[in-house]
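A short write-up of the structure that comes next.
Numbering (the numbering used here), first residue to last: 1 to 400.
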């Protein structure tokens, strides 16, 4: 957990010394510089890798050039000084990236009918090899081994999805494919202790119920055909993450924390959809589909109406009220338990919810603003008193 502190004020109040304040600032600056350097390094490696693959446009040329980059990088990493290790990592990763991405492109071009299974198998073999080297190899090569493991995993998972498309897997088996990809990404993120990979795992997890995004005409759209079930799905994931946070080590806490935040964000986006359109639970999964009625709109419309009569329907007004209550409770809990990530996300969606409902539901209802405003005042007072009654300031000894 990162805490936000005004170091100058803490020095003035005598809580910390100027030397301690300088140390805090130095470490904060070092963390930001490290993030900037790593971002530039990864972006440069990716750009150079794909640029060389498409520039050479020949399997033999890509293989030779990639092998040279990889060999030079490994040579620098094993025998070079620590000062030049960044160049060794960059060279090795460009070479490995050229070989792996070139293999994938070559398979997709030469043998499209079997490219998916071949990519899945070759990626799995490479992943197992570099996982072993990452755990057992030289410490100075761990960054390179870990990065190549990510590339191998990307090749494997691309092959899994390509194979699913090739064999026309649809319906109930497809969620299991998405769950496999989700589990693989979480395992990879935990192994490498990379939160960005763990955060990406929320995409296939949401796709299990077709929750996702799309783009058209300069508009990015979030859609959730099963908002209620998706919210329950994300709630289960949040519960699993809280369980892991309470029982895991430092690395597990970091990974579970970021995955919990991502699940919370997706759940709130589903609440946003439900607060605008409502939800007929299970209509997308078990209800009639238009493709089943041979383009007969009237028959499809009648079947859909019949399904909705017996299904559980939740109106947009119920969604709006439940969402507001849950957000209020989460904001209070996050503030009292000092969970800044959850607090920031909940406050953000509270603002989105208020703005949306202002124009969607209550734009011509001044009484709603009166009731909401008057209710917020005692709520704020109660939270203030609760914090003073239940929580005491941390003593200096408890922070050491």
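Even for Gly, the Cβ is constructed at its ideal location relative to N, Cα and C.
Of the residues 100, 145, 382, the one whose Cα lies closest to the Cα of residue 336 is 382. Here the stretch 59–71 lies against the stretch 87–94, with 3 or more beta-carbon pairs under 8 Å apart. When the beta-carbon positions are compared, residue 153 and residue 184 come within less than 9 Å of each other.
DSSP places residue 87 inside the alpha helix (DSSP H), whose first and last residues are 85–110. In the DSSP secondary-structure assignment, residue 221 is bridged to 214. Assignment of residue 280 by DSSP, reduced to helix, strand and coil, places it in the strand class. For residue 226, there is no enclosing alpha helix (DSSP H), as DSSP gives it neither H nor E. The beta-carbon separation of residue 224 and residue 213, rounded to 10 Å, does not stay under the 8 Å limit for a contact. Inclusion of residue 99 and residue 137 in the CB contact set at 9 Å is not warranted, their separation being larger than that value. In terms of CA proximity to residue 157, 204 leads the group 204, 144, 323. With a 10 Å radius around the Cβ and a threshold of 16 neighbouring Cβ atoms, residue 198 comes out buried. Bridge pairing for residue 313: 280 [DSSP]. A distance below 6 Å between beta-carbons, with the five flanking residues on each side excluded, links residue 24 to the following residues of its chain, in chain order: 7.
Setting aside the 5 residues that flank it on each side, residue 192 is surrounded in the same chain by 146, each with a C-beta closer than 6 Å to its C-beta; the list follows chain order. For residue 138, there is no enclosing alpha helix (DSSP H), as DSSP marks it with neither H nor E. DSSP assignment within the stretch 313–350 yields the following whole alpha helix (DSSP H) runs of 4 residues or more, N-terminal first: 316–336. The Cβ atoms of residue 262 and residue 331 lie no closer than 9 Å to each other. Listed in chain order, the non-local C-beta contacts of residue 87 below 7 Å within the same chain comprise 76, local neighbours out to five positions each way being set aside.
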